[in-house]
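K.L.:
Residue 368 in UniProt numbering is what sits at position 368 of the sequence shown, and the numbering runs on without skipping anything.
All C-beta atoms in this analysis are idealised placements derived from N, C-alpha and C, irrespective of residue type, glycine included.
One structure, pasted below without further comment.
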Amino acid sequence: MGSVGDKKWCGCACNLWSSSSAAAAASSASVKLLLFMVSLIVVCGFVSVLGPLESNWVFLSSSSSSSTGAVAVTSMKNIHVNDKKEAISDDSLLSRSSTPPQTIEAIKLVQLNGTKEGIYNFSVAGPGIFPPMNESYDPVESPDPLLKARRDHSNLDTLEAGLSRARAAIREAKHANQTQDPGFVPLGPMYRNANVFYRSYLEMEKQFKIYVYEEGEQPLFHNGPCKSIYSTEGNLIHGIEINNQFRTRDPEKAHVFFLPFSVAMLVRFVYVQNSHDFGPIKHTVIDYVNIISGKYPYWNRSLGADHFMLSCHDWGPEASRATPYLHKNSIRVLCNANTSEGFNPTKDVSFPEINLQTGSIDGFIGGPSPSHRPILAFFAGGLHGPIRPVLLEHWENKDEDIQVHKYLPKGVSYLDMMKKSKYCICPSGYEVASPRIVEAIYAGCVPVLISDYYVLPFSDVLNWKSFSVEVPVKDVPNLKKILMSIPTRQYIRMQRRVVQVRRHFEVHSPPKRFDVFHMVLHSVWLRRLNVRVRNNVHVL
Numbered sequence: 001m002g003s004v005g006d007k008k009w010c011g012c013a014c015n016l017w018s019s020s021s022a023a024a025a026a027s028s029a030s031v032k033l034l035l036f037m038v039s040l041i042v043v044c045g046f047v048s049v050l051g052p053l054e055s056n057w058v059f060l061s062s063s064s065s066s067s068t069g070a071v072a073v074t075s076m077k078n079i080h081v082n083d084k085k086e087a088i089s090d091d092s093l094l095s096r097s098s099t100p101p102q103t104i105e106a107i108k109l110v111q112l113n114g115t116k117e118g119i120y121n122f123s124v125a126g127p128g129i130f131p132p133m134n135e136s137y138d139p140v141e142s143p144d145p146l147l148k149a150r151r152d153h154s155n156l157d158t159l160e161a162g163l164s165r166a167r168a169a170i171r172e173a174k175h176a177n178q179t180q181d182p183g184f185v186p187l188g189p190m191y192r193n194a195n196v197f198y199r200s201y202l203e204m205e206k207q208f209k210i211y212v213y214e215e216g217e218q219p220l221f222h223n224g225p226c227k228s229i230y231s232t233e234g235n236l237i238h239g240i241e242i243n244n245q246f247r248t249r250d251p252e253k254a255h256v257f258f259l260p261f262s263v264a265m266l267v268r269f270v271y272v273q274n275s276h277d278f279g280p281i282k283h284t285v286i287d288y289v290n291i292i293s294g295k296y297p298y299w300n301r302s303l304g305a306d307h308f309m310l311s312c313h314d315w316g317p318e319a320s321r322a323t324p325y326l327h328k329n330s331i332r333v334l335c336n337a338n339t340s341e342g343f344n345p346t347k348d349v350s351f352p353e354i355n356l357q358t359g360s361i362d363g364f365i366g367g368p369s370p371s372h373r374p375i376l377a378f379f380a381g382g383l384h385g386p387i388r389p390v391l392l393e394h395w396e397n398k399d400e401d402i403q404v405h406k407y408l409p410k411g412v413s414y415l416d417m418m419k420k421s422k423y424c425i426c427p428s429g430y431e432v433a434s435p436r437i438v439e440a441i442y443a444g445c446v447p448v449l450i451s452d453y454y455v456l457p458f459s460d461v462l463n464w465k466s467f468s469v470e471v472p473v474k475d476v477p478n479l480k481k482i483l484m485s486i487p488t489r490q491y492i493r494m495q496r497r498v499v500q501v502r503r504h505f506e507v508h509s510p511p512k513r514f515d516v517f518h519m520v521l522h523s524v525w526l527r528r529l530n531v532r533v534r535n536n537v538h539v540l
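Here it is as structure tokens:
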């Protein structure tokens, strides 16, 4: 019985629990429903006040442009599939008005005379790439282009930090004591500021790196004349190509990028003789810039401001006009350094014209002392350009002291005449540059410069007035009077300085420190110091 009663009690108890549980459950459900409704009303109220939330995701365009190589960054909110709106593509980014992914920041020009200052006359800005700061990038394991952008950003910052330290060291050198060097140390009035030049040169040797684009084939690219009036063009191209100190094979380590086309070779192989049509030359340059800007990001990164070309041909400036950024932004190393034709000394480099008919300077260097130079002044050359006719009109075969000839008499050596002369007259021809300036320096003859709008080579370093004579074209009739008025002691000082600066114009293979190869690179280095390429960072 006990068991039956227990069973009945158990059954009753279970029924009672079930009934009370059902009632409690119903009551609980009502409470939960009430709380849910209240919560829903509160949430709706907040939404109506705050408005819809927007995504903070970043979209990186995956499309690749054949003409830009640039990376476009935009917000996901700009992508509306239903409305068929697309993110900014690479092509649309480039097509906008001069807005590169990075900023070219104008900074004060580093002038080596310690007195003049200037700034670049351009400053362009554009959208930047802001990569995540808490991730690392492995180019093999992480194909994510945003992470690659972070690495590029870091490399660029490292390069610019090194340049910033170099600028500081150069400024400090202005008032520093002369550094002792077992080799050559620039010293004397031939330099605008010898200490500053020397420090800048050492900084160049320490960190300057050049990347040479390997695209292009000879004879138009990676090649140039080495035995003609355009010899410096070929020598510099060849010297940069084979140099192990300044050339880098890693573009991420490069401060500047070299466009290795030869204008002299373009004139020889592309230009149609007597056509007066620069089109084929310009189209070749345009095609090359399109290739390297589509394959690499560096041209678009700075709009060419950290790129350089070189040319000793008269048509070098015209070839650079093929693309606006090459002419306006890039460093142009030109023999035809004519300010009336757009040469800009703050960004362009004046390239000395050297006529190496044998490909070597052997036999050209040296000359007698000042006391063994009986001729006051000498010139021999054809009639071309506006200045030479004036010179010959007033002085050809009219004075024994001023030896001016259109053609030298048979058996008379041009080089010997320079070495017998105190002053060598160097008038411009059709273009402002003349190989006679370097020929005079080689022979130890004080150059007499007659030109308009010519920026002399290395004039940001060298004080040309200390070892040459500048004569305005209008004063050509008074040439003898001007030269005779120079005291003998002053002439002797100028002649000695000519001999001292000669090392900066000598061509050597392989190159030697402070020779013309290194001086041209130093001029490019100075121009690179004048501009800062940086990422324009936006925090998302």
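Which value, in whole angstroms, describes the spacing of the CA atoms of Lys-209 and Pro-447?
P.N.:
The residue labelled residue 209 in the question sits at position 209 within the sequence shown. The residue labelled residue 447 in the question sits at position 447 within the sequence shown. For Lys-209 and Pro-447, the distance between alpha carbons rounds to 34 Å.
K.L.:
Starting from Arg-199 and walking both ways along the alpha helix (DSSP H), at which residues does that stretch end?
P.N.:
Numbered from its first residue, the sequence shown carries residue 199 at position 199. That run of the alpha helix (DSSP H) goes 194-207.
K.L.:
Looking at the strands, I want to know which residues DSSP matches up with Gln-403.
P.N.:
To locate residue 403, count along the sequence shown from 1; it is residue 403. DSSP output for Gln-403 lists Phe-378 as bridge partner(s).
K.L.:
Check this for me: beta carbons of Gly-316 and Leu-334, under 8 Å apart or not?
P.N.:
Taking the sequence shown and counting its residues from 1, the one referred to as residue 316 is at position 316. Taking the sequence shown and counting its residues from 1, the one referred to as residue 334 is at position 334. Their beta carbons are under 8 Å apart, which means Gly-316 touches Leu-334 by this criterion.
K.L.:
Helix, strand or coil for Glu-439, going by three-state DSSP, please let me know.
P.N.:
In the sequence shown, residue 439 corresponds to position 439, counting from 1. Helix at Glu-439.
K.L.:
Can you list, in chain order, the residues of its chain whose CB lies under 6 Å from that of Val-289, leaving out five sequence neighbours each side?
P.N.:
Stepping through the sequence shown from its first residue, residue 289 is reached at position 289. So the qualifying residues of the chain are Thr-323.
K.L.:
Go ahead and label Glu-506 buried or exposed: buried means 16 or more other beta carbons lie within 10 angstroms of its beta carbon, across all protein chains shown.
P.N.:
Working through the sequence shown from its first residue, we reach residue 506 at position 506. With 16 or more other Cβ atoms within 10 Å, it is buried.
K.L.:
Which term fits Arg-388, buried or exposed, when burial requires 16 or more other beta carbons within 10 angstroms of its beta carbon?
P.N.:
Indexing the sequence shown from 1 puts residue 388 at position 388. Buried, by the Cβ-count rule.
K.L.:
I'd like the span of the alpha helix (DSSP H) that includes residue 552, first residue to last.
P.N.:
This structure leaves residue 552 out entirely; the chain is present only between 1 and 540.
K.L.:
Assuming the contact rule is C-beta atoms closer than 8 Å, Cys-426 and Ser-434 should be a hit. Round their C-beta distance to whole Å, please.
P.N.:
Translated into positions along the sequence shown, residue 426 becomes position 426. Translated into positions along the sequence shown, residue 434 becomes position 434. Correct: roughly 5 Å between the Cβ atoms.
K.L.:
Exposed or buried, what is Phe-184 when buried is set at 16 or more other beta-carbons lying within 10 Å of its beta-carbon?
P.N.:
Taking the sequence shown and counting its residues from 1, the one referred to as residue 184 is at position 184. Counting Cβ neighbours within 10 Å, Phe-184 comes out exposed, since fewer than 16 surround it.
K.L.:
In the structure shown, what three-state DSSP assignment does Arg-249 receive?
P.N.:
Numbered from 1 along the sequence shown, position 249 holds the residue referred to as residue 249. Looking at Arg-249 - three-state DSSP - the assignment turns out to be coil, as it is neither helix nor strand.
K.L.:
How is the alpha helix (DSSP H) around Val-520 delimited, first residue to last?
P.N.:
Position 520 of the sequence shown, counted from the start, is the residue given in the question as residue 520. Unbroken alpha helix (DSSP H) run through Val-520: 516-529.
K.L.:
The alpha helix (DSSP H) spanning Tyr-423 covers which residue range?
P.N.:
Walking along the sequence shown from the start, residue 423 turns up at place 423. First-last for Tyr-423: 421-427, but that is the beta strand (DSSP E), not the alpha helix (DSSP H).
K.L.:
Span of the beta strand (DSSP E) holding Ile-331?
P.N.:
As a first step, residue 331 must be located in the sequence shown, where it is residue number 331. Looking at the DSSP string, the run of the beta strand (DSSP E) that includes Ile-331 is 331-334.
K.L.:
What is the rounded straight-line gap between the Cα of Pro-345 and the Cα of Ser-459?
P.N.:
Within the sequence shown, numbered from 1, the residue matching residue 345 stands at position 345. Within the sequence shown, numbered from 1, the residue matching residue 459 stands at position 459. C-alpha separation (whole angstroms): 9 Å.
K.L.:
Helix, strand or coil for Pro-447, going by three-state DSSP, please let me know.
P.N.:
As a working note, residue 447 is residue 447 in the sequence shown. Strand, per DSSP.
K.L.:
Should His-313 and Tyr-230 be called a contact, given that it needs their Cβ atoms to be closer than 8 Å?
P.N.:
Here residue 313 corresponds to residue number 313 of the sequence shown, with the count starting at 1. Here residue 230 corresponds to residue number 230 of the sequence shown, with the count starting at 1. Yes.
K.L.:
Can you have a look at Ile-242 and say buried or exposed, based on whether 16 or more other CB atoms are within 10 angstroms of its CB?
P.N.:
Position 242 of the sequence shown, counting from 1, holds the residue named residue 242. Exposed: under 16 other Cβ atoms inside 10 Å.
K.L.:
Pull the bridge partners of Tyr-211 from the DSSP assignment, please.
P.N.:
On the sequence shown, residue 211 is found 211 positions in, with the first residue counted as 1. Bridge partners of Tyr-211: Phe-257.
K.L.:
Could you tell me the distance, in whole angstroms, from the CA atom of residue 550 to the CA atom of His-222?
P.N.:
Since the first residue of the chain shown is 1 and the last is 540, residue 550 is not available in this structure.
K.L.:
Measure the C-alpha to C-alpha separation of Ile-479 and Val-471 and round it to an integer number of angstroms.
P.N.:
Start at 1 with the first residue of the sequence shown, and residue 479 comes out as number 479. Start at 1 with the first residue of the sequence shown, and residue 471 comes out as number 471. According to the sequence as given, residue 479 is Leu; it is not Ile. Cα-Cα distance, rounded: 8 Å.
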